[in-house]
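The letter at position 99 of the sequence shown is residue 232 when you use the numbering used here, and the numbering goes up by one with no holes.
A virtual CB, placed ideally from N, CA and C, is assigned to each residue, including glycine.
Working notes, beginning with the structure itself.
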Amino acid sequence: MASSAGALLLAGFTSIAIQTPASAARVENPVAVFSGIDKITGRITTFDVYVGETVQFGALQVTPRVCYSRDETEAPKTTTFVEVDEITLDRKIRRLFTGWMFADSPGLNAVDHAVYDVWLKECKLDSDVPPPAN
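This is the structure:
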């Protein structure tokens, strides 16, 4: 009797495990796509940055460390871990932001600077911009 109760309990756990959906695998992308606005001119610029490389946007330097997305069959969830520095008027570099940005919530962790704002648009596998020389 005890063994049949154990078998039922085990079957119940197996059923739960089989019905639980697997977590969506994240895709690691080599290119992060950012948009930035120059608040003085009102111009919005979209630019690609390879992971680990630094691109300058106005007085800001943007360096993504990782850029994750999901498979096309999954709900979008695009994130990047990024460092943003400002080049000050006296030519010093000052860290403005280090952390995660989320493409689906651009206002959550966008870089808000007096003149420039930067936010994540997407992550992608390739770019029209040639990769940096090693």
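Exercise. Around the C-beta of D250, are 16 or more other C-beta atoms found within 10 angstroms, so that it is buried, or is it exposed?
Worked result: buried
Problem set entry | Uninterrupted beta strand (DSSP E) stretches inside the segment 162-239 (no shorter than 3 residues) | 164-171, 177-183, 188-190, 193-203, 212-220 and 226-235
Problem set entry | Length of the line joining the Cα atoms of L229 and A208 | 31 Å
Exercise. Secondary structure at D261, three-state DSSP: helix, strand or coil?
Worked result: coil
For this session: Just the C-alpha distance for I173 and A247, rounded to the nearest angstrom, thanks.
Result: 10 Å
For this session: Report all residues from its chain with a CB closer than 6 Å to the CB of A144; omit the five preceding and five following residues, and keep chain order.
Result: Low confidence applies to A144: its pLDDT is 48, below 50, so where it sits in the model is not reliable enough to give any reading.
Exercise. Per DSSP, what kind of secondary structure is V248 in: helix, strand or coil?
Worked result: coil
Problem set entry | Alpha-carbon to alpha-carbon, V166 and K254 | 5 Å
Exercise. Which partner residues does L253 have in the DSSP bridge list?
Worked result: F167
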